[in-house]
Amino acid sequence: MMVFLALSRFVVPAPGRLAMLVASMGTVLLAGCVAGVGGSGDTAVHDDIPPAHRDWFDGGQPVDMDSMDWGRIEFARQAAAKGDARRAVGILQPMMNEGFSPAYYEAGKLHEDGIGTPPDPAKAAIYYGKALRSPSNVLGNASLRLGRLYRDGQAVERNETLAYHLFRQAVDRDTGASALVALAEMLVEGRGVEANTEEAEALYSRAADLGYPQAFRALAEAHAPGGWLERDDQLVREYAQRYATGLEKQVQARADDQDALAALARLHDEDGLLGPRPDAYRHWLRRAAEAGHAGSLGKAGEIALEEGNVQHGLEMLRRSAEAGNVYAMTDLGRALLERDPARAEQWLQAAAEKGSVNAAASLGRAYLPGGELQADHRRARTWLSRASEGGHAGAAATLGRLYLRGDGVAQDTSRGVAYLERAVAQGHAGARIDLGKLLLAGDGVNQDTQRGISLLRSAAERGNADAAHSLGDAYLEGKGVEQDPRQAEKWLAQAVDAGNPFATYSLGRTHLYGEKGFEPNVARGRELLAQAAEQQHAGAQTLLGREYLRGELFEKDPDQGASYLYQAARQGHSGARLALAKAYLWANGLEGANQEQAVLWLDDILDGDSEVALATMRQLLTEADDKAVRDSLQ
0 MMVFLALSRF VVPAPGRLAM LVASMGTVLL AGCVAGVGGS GDTAVHDDIP
50 PAHRDWFDGG QPVDMDSMDW GRIEFARQAA AKGDARRAVG ILQPMMNEGF
100 SPAYYEAGKL HEDGIGTPPD PAKAAIYYGK ALRSPSNVLG NASLRLGRLY
150 RDGQAVERNE TLAYHLFRQA VDRDTGASAL VALAEMLVEG RGVEANTEEA
200 EALYSRAADL GYPQAFRALA EAHAPGGWLE RDDQLVREYA QRYATGLEKQ
250 VQARADDQDA LAALARLHDE DGLLGPRPDA YRHWLRRAAE AGHAGSLGKA
300 GEIALEEGNV QHGLEMLRRS AEAGNVYAMT DLGRALLERD PARAEQWLQA
350 AAEKGSVNAA ASLGRAYLPG GELQADHRRA RTWLSRASEG GHAGAAATLG
400 RLYLRGDGVA QDTSRGVAYL ERAVAQGHAG ARIDLGKLLL AGDGVNQDTQ
450 RGISLLRSAA ERGNADAAHS LGDAYLEGKG VEQDPRQAEK WLAQAVDAGN
500 PFATYSLGRT HLYGEKGFEP NVARGRELLA QAAEQQHAGA QTLLGREYLR
550 GELFEKDPDQ GASYLYQAAR QGHSGARLAL AKAYLWANGL EGANQEQAVL
600 WLDDILDGDS EVALATMRQL LTEADDKAVR DSLQ
């Protein structure tokens, strides 16, 4: 039949032979329908198919089409390929009036793909359904396209069972690899049918034999850790490489194939099937971005910002955002908060309106006092609430703290705790710590030391230094738990290793003085306090300064003592400022003088040149009588 059709395009029969030719063509077409391109008479109509749609599967009666009819279909396709929808519809409409299934199918494609008209999947679904009512050689493709609409609920009510049967019909009609993959996906996930991974694997393998790249990817993912087939790293690599080869062929055929380029980038990303391969990832990501792929533009923009190429990064994010990429809108808004708050506000709001909880959270925080936008508590609460309702744990934690402190809202402890509980349930470490501390102290809530310790411990076990510090302090002080120096040492040491200066100070002081059940260990204490002092912990600086000046626990060193006290005083530490002021008074025999005057004197020095001020401190404390200095520091 196909040979005849091909020849009929070039051979114009004489008028006297036309009737015979048409009659002969009808016989050939009818035979073809019965032999291979017929309806789904061999497909059982299942009870789970809605009655209104059973005629899509019951076989139906074929409608004869001759070579001239097929020629009109071809002309309609050519018009559609040129974007001339009006001409295509003009050709197809009379044929639809005659009930020709291929005409309905082509009309459906026009509306689904938006050729010469805005996409209208609802109309497309109607035309595809009509194309299925009688058998033809488009039955498989019409089933596949209509199945996708019902699977995704696109302009029709989602019906995965109906989608499954449509995909099955498409496969039964040898529609090709895309139908095999569509049916396999339903079987893997058990969508519309009981899951059957064995059949799914067979379908993917058939599609892979046809060279379909998506089948290679699916099989690679199936054999990867957490996949639905037995883990096999070698098969993962083999299938992934074949997938990459297929994508590269697509790119060779069309250099600006955005989807293929972006897929190649993902393949080599840190968690990609062939990753991490940073060079290959950036190569394909750059090419995808250059081709205009919105998601890749956004990711490439993020990388450019991280590398310090700010203008290029912002430009790529802008292009991605203008293409409608919500992630890029969010990233662009965040990047502009300090550079251009007004534009940042616009982009973040646009992303939030499109459902980005990250954008809503960023916008809410930016409206808080100290944020990048003009403080507006009402707007802050509005956007943070929207983000929290959307599942953003950080927004819930922020709202919890606001209500607990009464910061811009009426203080409401129960509401604050409720938000913290929500954030904890969503895995927010900071909220876990805040709630743990609150329950441990019973500050405005019913004390629950057991749960408080449990929350802090779970956060500390996940490596959170703040939680480890709080837990260590609880065991050190016996707050809510029995005092336990060993447990205190364990958790404080963990926080110290993570760089927490407060834990370093607590553990250092405890070792230095032998407090809270610890044996004195001056060397260890001084080491830890020096570490905390380097981290600008003013309390550690003050303690070390006093001890270096007193010279009792370790060798006296006025220079070092003056330096530490000076650093702490510059940070506003009241103990350091008072220690220096008192040392000045005692060193000058003025121990009975007004200490407020000494503090004012100290402030004048601290406000001056730092090198001169430090030299003054050192000279004063070095030349002073040792006993006078020691007495001043009691």
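Reading the sequence shown from the start, the letters are residues 0 to 633 in numbering that gives the first Met the number 0.
Virtual Cβ for every residue (Gly too), placed ideally from N, Cα, C.
Quiz item: Under the three-state reduction of DSSP, which class applies to Q493: helix, strand or coil?
Solution: The three-state secondary structure of Q493, taken from DSSP, is helix.
Self-check item: For K248, the three-state DSSP class (helix, strand or coil)
Solution: helix
Practice problem: Assuming T174 and L143 form a contact by the criterion Cβ under 8 Å, report the distance between their Cβ atoms to the nearest whole angstrom. | Solution: 5 Å
Exercise. From the DSSP output, in three-state form, read off M185 for me.
Key: helix
Self-check item: Beta-carbon spacing of R132, G210 below 8 Å
Solution: no
Self-check item: N- and C-terminal bounds of the alpha helix (DSSP H) containing T541
Solution: Run containing T541: 537-549, per the alpha helix (DSSP H) assignment.
Practice problem: Decide if P212 is buried, meaning its Cβ has at least 16 other Cβ atoms within 10 Å, or exposed. | Solution: P212 counts as buried, since at least 16 other C-beta atoms from the protein chains shown sit within 10 angstroms of its C-beta.
Exercise. Look at T448 and G479 and say whether their C-beta atoms are less than 8 Å apart.
Key: yes
Practice problem: Give, in chain order, every unbroken run of the alpha helix (DSSP H) that is at least 4 residues long and sits entirely within the segment 415-496. | Solution: 428-440, 448-460, 464-476, 484-496
Quiz item: Under three-state DSSP, which class holds R253?
Solution: coil
Quiz item: In whole angstroms, what is the alpha-carbon distance linking V170 and R253?
Solution: 28 Å
Practice problem: Return helix, strand or coil for V521, following the three-state DSSP convention. | Solution: helix
Quiz item: How should V423 be labelled, buried or exposed, when 16 other C-beta atoms within 10 angstroms of its C-beta is the threshold for buried?
Solution: Buried: at least 16 other Cβ atoms inside 10 Å.
Quiz item: Thinking C-alpha only, which one of T541, Q482, R485 is nearest R508?
Solution: Across the set T541, Q482, R485, the C-alpha of T541 shows the shortest separation from the C-alpha of R508.
Quiz prompt | Per-residue burial, E337 [other beta carbons within 10 Å of its own, 16 or more giving buried] | solution = exposed
Quiz item: DSSP state of S133, grouped into three classes?
Solution: coil
Quiz item: With 16 as the cutoff for other CB atoms within 10 Å, does V309 come out buried or exposed?
Solution: exposed
Quiz item: Going straight from the alpha carbon of E184 to that of A350, what length do you get?
Solution: 31 Å
Quiz prompt | Rounded distance between the beta-carbons of A102 and A87, thought under 8 Å | solution = With a Cβ gap of about 10 Å, A87 and A102 do not count as contacting.
Quiz prompt | Residue from R190, Q77, A360, E481 whose Cα sits closest to the Cα of I114 | solution = Q77
Quiz item: How about L543 and Y563: do their beta carbons lie closer than 8 Å?
Solution: Result yes, Cβ atoms of L543 and Y563 sit closer than 8 Å.
Quiz prompt | CA nearest to the CA of P224, picked from D119, L491, L272, R333 | solution = Nearest option by C-alpha distance: L272.
Quiz item: So is the beta-carbon of D268 under 7 Å away from any non-hydrogen atom of the ligand SAH?
Solution: The ligand content of the structure shown is nil, which means the ligand SAH is not present either.
Practice problem: For T317, collect the residues of the same chain with a Cβ closer than 7 Å to its Cβ; drop the 5 residues on either side in sequence, then sort them by chain order. | Solution: The sequence shown places Arg at residue 317, not Thr. Correct list, in chain order: L331.
Self-check item: C-alpha distance - H110 paired with P61, whole-angstrom precision
Solution: 24 Å
Practice problem: Measure the alpha-carbon distance for Q373 versus Q345 and round it to whole angstroms. | Solution: 14 Å
Exercise. For N463, collect the residues of the same chain with a Cβ closer than 6 Å to its Cβ; drop the 5 residues on either side in sequence, then sort them by chain order.
Key: A428
Practice problem: Apply the 10 Å Cβ neighbour rule to P14 and answer buried if 16 or more other Cβ atoms are within range, or exposed otherwise. | Solution: At P14 the pLDDT is 39, less than 50, meaning the model places this residue with poor confidence and gives no usable figure here.
Self-check item: Burial state of A287 (16 or more Cβ within 10 Å)
Solution: Classification of A287: buried, given that the 10 Å Cβ count is 16 or more.
Quiz prompt | Secondary structure of Q233, DSSP reduced to three states | solution = helix
Quiz prompt | Rounded C-alpha distance that separates D270 from Y512 | solution = Straight-line Cα distance between these residues: approximately 50 Å.
Exercise. Have a look at S573, V521, A259 and flag the residue whose alpha-carbon is nearest the alpha-carbon of G550.
Key: V521
Practice problem: Could you work out which residue in P484, H376, L434 is closest to G363 when comparing CA atoms only? | Solution: The shortest Cα separation from G363 among P484, H376, L434 belongs to H376.
Quiz prompt | M67, buried or exposed, once every other Cβ within 10 Å from all chains shown has been counted against 16 | solution = exposed
Quiz item: Is the distance from the Cβ of S135 to the Cβ of S177 below 8 Å?
Solution: no
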